[in-house]
Amino acid sequence: MPRKVVHSVLCWLGLSPLLIVVLFPYATMLSTALKQKDEIFQFETKWLPDTLYFGNFVELFVDRGFGRAIGNSLYISIGATLVSLLVALPAAYALSRLRIPGQSAFRTYLLVTQMISPIVLIIGLFRLFAYLGMINDLNALVFAHSAFYMAFAVWMLQSYFDTIPKELEEAAWMDGASRLKSFWRVFLPLCLPGIAVTSLFTFVNSWNEYAISLTILREGSLQTAPVKIAFLTGTLYETEWNIIMAATLIATVPVAIVFASIQSYLIRGLSLGGVK
Amino acid sequence: MSAMTSSKPTPATTKATRPRPGQGFSNLAFILPSILLSFVIIGYPIFEVVRMAVSDVNRFGKIQGFEGLGNFFKVFEDPIFIQSTYQTIIWTVSVVGGTVLIAIPVAIILNEDFHGRSIARTIVLLPWAVSLAMTALVWRFVVNGDFGTLNLALTQLGLPFNNHPWLATATSAFTIEILVGILVSIPFTVTIILGGLTSIPVTLYEAAAMDGATKWQSLTRITIPMLKPFLQIAIVLNVIYVFNSFPIIWIMTNGGPANGTDILITYVYKQAFAFGKLDIAAAASVMMFLVLLGFSVLYLFMTRQLAERN
Numbered sequence: 063m064p065r066k067v068v069h070s071v072l073c074w075l076g077l078s079p080l081l082i083v084v085l086f087p088y089a090t091m092l093s094t095a096l097k098q099k100d101e102i103f104q105f106e107t108k109w110l111p112d113t114l115y116f117g118n119f120v121e122l123f124v125d126r127g128f129g130r131a132i133g134n135s136l137y138i139s140i141g142a143t144l145v146s147l148l149v150a151l152p153a154a155y156a157l158s159r160l161r162i163p164g165q166s167a168f169r170t171y172l173l174v175t176q177m178i179s180p181i182v183l184i185i186g187l188f189r190l191f192a193y194l195g196m197i198n199d200l201n202a203l204v205f206a207h208s209a210f211y212m213a214f215a216v217w218m219l220q221s222y223f224d225t226i227p228k229e230l231e232e233a234a235w236m237d238g239a240s241r242l243k244s245f246w247r248v249f250l251p252l253c254l255p256g257i258a259v260t261s262l263f264t265f266v267n268s269w270n271e272y273a274i275s276l277t278i279l280r281e282g283s284l285q286t287a288p289v290k291i292a293f294l295t296g297t298l299y300e301t302e303w304n305i306i307m308a309a310t311l312i313a314t315v316p317v318a319i320v321f322a323s324i325q326s327y328l329i330r331g332l333s334l335g336g337v338k
Numbered sequence: 055m056s057a058m059t060s061s062k063p064t065p066a067t068t069k070a071t072r073p074r075p076g077q078g079f080s081n082l083a084f085i086l087p088s089i090l091l092s093f094v095i096i097g098y099p100i101f102e103v104v105r106m107a108v109s110d111v112n113r114f115g116k117i118q119g120f121e122g123l124g125n126f127f128k129v130f131e132d133p134i135f136i137q138s139t140y141q142t143i144i145w146t147v148s149v150v151g152g153t154v155l156i157a158i159p160v161a162i163i164l165n166e167d168f169h170g171r172s173i174a175r176t177i178v179l180l181p182w183a184v185s186l187a188m189t190a191l192v193w194r195f196v197v198n199g200d201f202g203t204l205n206l207a208l209t210q211l212g213l214p215f216n217n218h219p220w221l222a223t224a225t226s227a228f229t230i231e232i233l234v235g236i237l238v239s240i241p242f243t244v245t246i247i248l249g250g251l252t253s254i255p256v257t258l259y260e261a262a263a264m265d266g267a268t269k270w271q272s273l274t275r276i277t278i279p280m281l282k283p284f285l286q287i288a289i290v291l292n293v294i295y296v297f298n299s300f301p302i303i304w305i306m307t308n309g310g311p312a313n314g315t316d317i318l319i320t321y322v323y324k325q326a327f328a329f330g331k332l333d334i335a336a337a338a339s340v341m342m343f344l345v346l347l348g349f350s351v352l353y354l355f356m357t358r359q360l361a362e363r364n
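Protein chains in written order, with my numbering: chain A, 63 to 338; chain B, 55 to 364.
1) Looking at C-alpha atoms only, which residue of I278(B), A328(B) and L318(B) is the closest neighbour of P133(B)?
2) Between the beta-carbon of I232(B) and the beta-carbon of G152(B), is there less than 8 Å?
3) Could you give the first and the last residue of the continuous beta strand (DSSP E) run that contains F355(B)?
4) Just how far apart, CA to CA, sit F293(A) and G235(B)?
5) DSSP puts D110(B) in a beta bridge; with which residues?
6) Who are the near neighbours of G309(B) in its chain, counting only those whose CB is closer than 7 Å to its CB and skipping five residues on each side?
7) Could you tell me the distance, in whole angstroms, from the CA atom of Y88(A) to the CA atom of V317(A)?
8) Buried or exposed, going by whether 16 or more other CB atoms sit within 10 Å of the CB of Y193(A)?
9) Can you tell me whether DSSP reads I312(A) as helix, strand or coil?
10) For F210(A), count neighbouring C-beta atoms within 10 Å of its own C-beta (all shown protein chains included) and say buried if the count is 16 or more, exposed if not.
11) Does the beta-carbon distance from L191(B) to I306(A) come in below 8 Å?
12) Decide yes or no for the touch test of the segment 218-231 of chain A against the segment 194-204 of chain A: beta carbon pairs closer than 8 Å, at least 3 of them.
13) DSSP state of A150(A), grouped into three classes?
14) What does V197(B) touch in chain A if you count any residue whose Cβ is under 7 Å from its own?
15) By DSSP, does G186(A) sit in helix, in strand, or in coil?
16) What alpha helix (DSSP H) runs, 4 residues minimum, are completely inside the segment 149-199 of chain B?
17) Restricting to Cα atoms, I'd like to know which of A183(B), L291(B), G78(B) and R105(B) is closest to V345(B).
18) Taking only beta-carbon atoms, is I132(A) less than 8 Å away from chain B?
19) Give the residues of chain B in contact with F293(A), contact being defined as C-beta atoms less than 9 Å apart.
20) May I have the straight-line CA-CA distance separating V68(A) from A131(A), to the nearest angstrom?
21) Taking DSSP as the reference, what is the three-state secondary structure of N270(A)?
22) Does the beta carbon of S138(B) come closer than 8 Å to any beta carbon on chain A?
23) Measure from the C-beta of T225(A) to each C-beta in chain B and report whether the shortest distance is under 8 Å.
24) Return the first residue and the last residue of the alpha helix (DSSP H) that A233(A) is part of.
25) Looking only at its own chain, which residues have a Cβ that is under 8 Å from the Cβ of M342(B), when we skip the five neighbours before and after it?
26) Who are the neighbours of V160(B) on chain A, taking C-beta pairs under 9 Å?
27) Would a check of beta-carbon distances place W193(B) closer than 8 Å to chain A?
28) Between which two residues does the alpha helix (DSSP H) carrying S272(B) extend?
29) Please determine if the segment 260-267 of chain B and the segment 124-144 of chain B are in contact, where contact requires at least 3 C-beta pairs separated by less than 8 Å.
30) Taking 8 Å as the CB-CB limit, is V129(B) close to chain A?
31) Using the Cα positions of S244(A) and D110(B), report the straight-line distance between them to the nearest angstrom.
32) Report back the beta-carbon spacing between I240(B) and V160(B) to the nearest angstrom; my notes put them in contact at under 8 Å.
33) Where does P75(B) sit, in a helix, a strand or coil, going by DSSP?
34) Whole angstroms is fine: what's the gap from Y171(A)'s alpha carbon to T223(B)'s?
35) Can you give the beta carbon distance from L200(A) to N134(A), rounded, assuming they're within the 8 Å contact cut?
36) 8 Å is my cut-off, CB to CB: does E121(B) come that close to chain A?
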């Protein structure tokens, strides 16, 4: 047993430089968000605030309208998750269970949609939504995000569907259930965990997206949380880092916790998506 | 068998649908919604970008005539485009190279059995969960010359970095951005390499140990060669992601000082949304798109090879 202890210490030591760099920004966020403004701009900066100060969070929501940005982000992320599930569920089901002509072409197509980054097409996207009259429309972001995150959702769902024994559905057919009925009553309930994990990933991706939101939502009141926060640095005469760090804390920590709890499922989706 | 499937027996071989007449064309209805959505949101913008690249477009986006390859020539005459291209190569090579070099030992350690491994894994993967925009913003504050916590920490360690303005010169700003780029690319790369490590059969190591191989020998003779296809895939995918990574540079320096940290994507964004030169931006986008497509084809080719090997 002591041997394993020594081994563990060595492993942690080896990882420590990276771990420190990963955690350093969090220490910074926490330390700054809980300080009063005057404390940050002192000549001698310190790590620990003199007193724990929560006024930054209050100011953020009351004076800076950050609640609105969170609301916009929630609307887009939930909408994008629903739309991408709506199109990804049947596609994943078909890839897992049915014979589709041109199946491998469809897989390649999905992969290519995943390789194209929206930023390279940003002018085209802007024009598309301008034609549709959807500049400054949160729904534009719902559709844009769901299209770009759809392929990953299909792979995640398919990898989950493949683990569910098809005998269960066949038994339902035997009992006279239609394909649709067996899908709703037998198959879908079994898949709920996989669907939940897929939804969370889509949600996190959409929540974090920056470039499309920055470009399509040009009005201040429609900005998403990441765009709003980045915007806060540019508009004020004196960048109020205490407010900004409070905002990043609110926008990142809940998402990071969700992500940490489901990260082990990522490997599945990735392995089917073509990495492994 | 398709390129994207893993080494596991795929559903294609175990498929047992009720026998149906025809080739299952009605099943196309299942994949139609996904094709339609991506066709509109991804396909149409591609068409638009290509159309604008070969047209004369005014600053309000009105197409005024056919320009042929004229926009492309204009792009190549712009010294900032050439500079941005050069910086894009430095950016991509440094970030991807640095990421892979760090990710290999990190993944090997994380594959060991030690106390608190799952905590360590979670911390290493943490940057993946956070918006690139937020990461960039927090780092911009961390390296802030006057109030940043990096100078605070370095000063506390007794180093002479009080008020050092990290983002004031292009070289030091670009270096910082590359390091942040590496940090956010590590989680994904570690995940791929971990997948590769778990695919190496334990019996290989046992056999090597039986023959008296040292730990170092089994690392260099078994682990690294067996990881090679996974590393190739990690490199190509990272190149695709890093090549057009926008938020880090946009938020930390906006391409400045004096275009010293501009890469192609920030160049395109500025041309389009700051200077209103939509045709120039479109032409540059098309070139970037072709590079991306090239790497995607390379990726497809490599995964196909890996699938055949298995």
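Cβ atoms here follow ideal geometry from the backbone N, Cα and C, with glycine treated the same way.
Walking through what the data contain:
1) Locating residue 133(B) in the second sequence gives position 79, counting from the first residue. Nearest C-alpha to P133(B): L318(B).
2) Here the question's residue 232(B) lines up with position 178 in the second sequence. Here the question's residue 152(B) lines up with position 98 in the second sequence. Yes; because the gap between Cβ atoms is below 8 Å, this pair is in contact.
3) In the second sequence, residue 355(B) corresponds to position 301, counting from 1. Here F355(B) belongs to no beta strand (DSSP E); instead the alpha helix (DSSP H) covers L332 to R363.
4) Counting from 1 along the first sequence, the entry for residue 293(A) is found at position 231. Counting from 1 along the second sequence, the entry for residue 235(B) is found at position 181. Each residue's Cα considered, the two are about 21 Å apart.
5) In the second sequence, residue 110(B) corresponds to position 56, counting from 1. In DSSP, D110(B) forms a bridge with G119(B).
6) For the purposes of this step, residue 309(B) is taken as residue 255 along the second sequence, with counting starting at 1. Counting only Cβ-Cβ distances below 7 Å, and skipping sequence neighbours, we find I303, T315, D316, T320 and K324.
7) One-based indexing of the first sequence puts residue 88(A) at position 26. One-based indexing of the first sequence puts residue 317(A) at position 255. Roughly 14 Å separates the two Cα atoms.
8) Within the first sequence, residue 193(A) is the residue found at index 131, counting from 1. Under this definition Y193(A) is an exposed residue.
9) As a working note, residue 312(A) is residue 250 in the first sequence. Helix at I312(A).
10) Position 148 of the first sequence, counting from 1, holds the residue named residue 210(A). F210(A) should be labelled buried.
11) Position 137 of the second sequence, counted from the first residue, corresponds to residue 191(B). Position 244 of the first sequence, counted from the first residue, corresponds to residue 306(A). In this structure, I306(A) lies closer than 8 Å to L191(B) by Cβ.
12) no
13) By 1-based counting over the first sequence, the position of residue 150(A) is 88. Helix.
14) Locating residue 197(B) in the second sequence gives position 143, where the first residue counts as 1. Correct list: empty, because the minimum Cβ distance to chain A is about 10 Å.
15) If you number the first sequence from 1, residue 186(A) lands on position 124. Reduced to three states, the DSSP call for G186(A) is helix.
16) 171-183 and 186-196
17) Taking the second sequence and counting its residues from 1, one reaches residue 345(B) at position 291. With distances taken between Cα atoms, V345(B) lies closest to L291(B).
18) Start at 1 with the first residue of the first sequence, and residue 132(A) comes out as number 70. Not one chain B Cβ lies under 8 Å of I132(A).
19) For the purposes of this step, residue 293(A) is taken as the residue at position 231 of the first sequence. Chain B residues near F293(A): none, gap ~10 Å exceeds 9 Å.
20) If you number the first sequence from 1, residue 68(A) lands on position 6. If you number the first sequence from 1, residue 131(A) lands on position 69. Cα to Cα, the separation comes out at about 48 Å.
21) Counting from one through the first sequence, the residue named residue 270(A) turns up at place 208. Residue state, collapsed to three classes: helix.
22) Locating residue 138(B) in the second sequence gives position 84, where the first residue counts as 1. It does not; no Cβ of chain A falls within 8 Å.
23) Within the first sequence, residue 225(A) is the residue found at index 163, counting from 1. Output row for T225(A): interface = no.
24) What you label residue 233(A) is simply residue 171 of the first sequence in a count that begins at 1. Element bounds for A233(A): E229 to M236.
25) By 1-based counting over the second sequence, the position of residue 342(B) is 288. For M342(B), where only same-chain residues beyond five positions count, the Cβ hits under 8 Å are F297, N298, L318, I319 and V322.
26) Reading the second sequence from its first residue, position 106 is the one you call residue 160(B). In chain order: G76, L77 and L80.
27) Residue 193(B) sits at position 139 when you count from the first residue of the second sequence. By this cut-off, W193(B) is an interface position.
28) The count along the second sequence starts at 1 and reaches residue 272(B) at position 218. Residues K269 to S272.
29) no
30) Numbered from its first residue, the second sequence carries residue 129(B) at position 75. So no, V129(B) is outside the interface.
31) The sequence position of residue 244(A) within the first sequence is 182, counting from 1. The sequence position of residue 110(B) within the second sequence is 56, counting from 1. Their backbone Cα atoms lie some 56 Å apart in a straight line.
32) Here residue 240(B) refers to the residue found at position 186 when the second sequence is read from its first residue. Here residue 160(B) refers to the residue found at position 106 when the second sequence is read from its first residue. Contact flag correct, Cβ pair sits at about 7 Å.
33) As a first step, residue 75(B) is located in the second sequence; it is residue number 21 there, counting from the start. Residue confidence for P75(B) is low, a pLDDT of 48 falling below 50, so the modelled location carries little weight and cannot support an answer.
34) As a position in the first sequence, residue 171(A) is number 109, starting the count at 1. As a position in the second sequence, residue 223(B) is number 169, starting the count at 1. Those two C-alpha atoms are separated by around 43 Å.
35) If you number the first sequence from 1, residue 200(A) lands on position 138. If you number the first sequence from 1, residue 134(A) lands on position 72. Yes, they are in contact, since the Cβ atoms of L200(A) and N134(A) sit about 6 Å apart, within 8 Å.
36) In the second sequence, counting from the first residue as 1, residue 121(B) sits at position 67. False, the Cβ-Cβ gap to chain A never drops below 8 Å.
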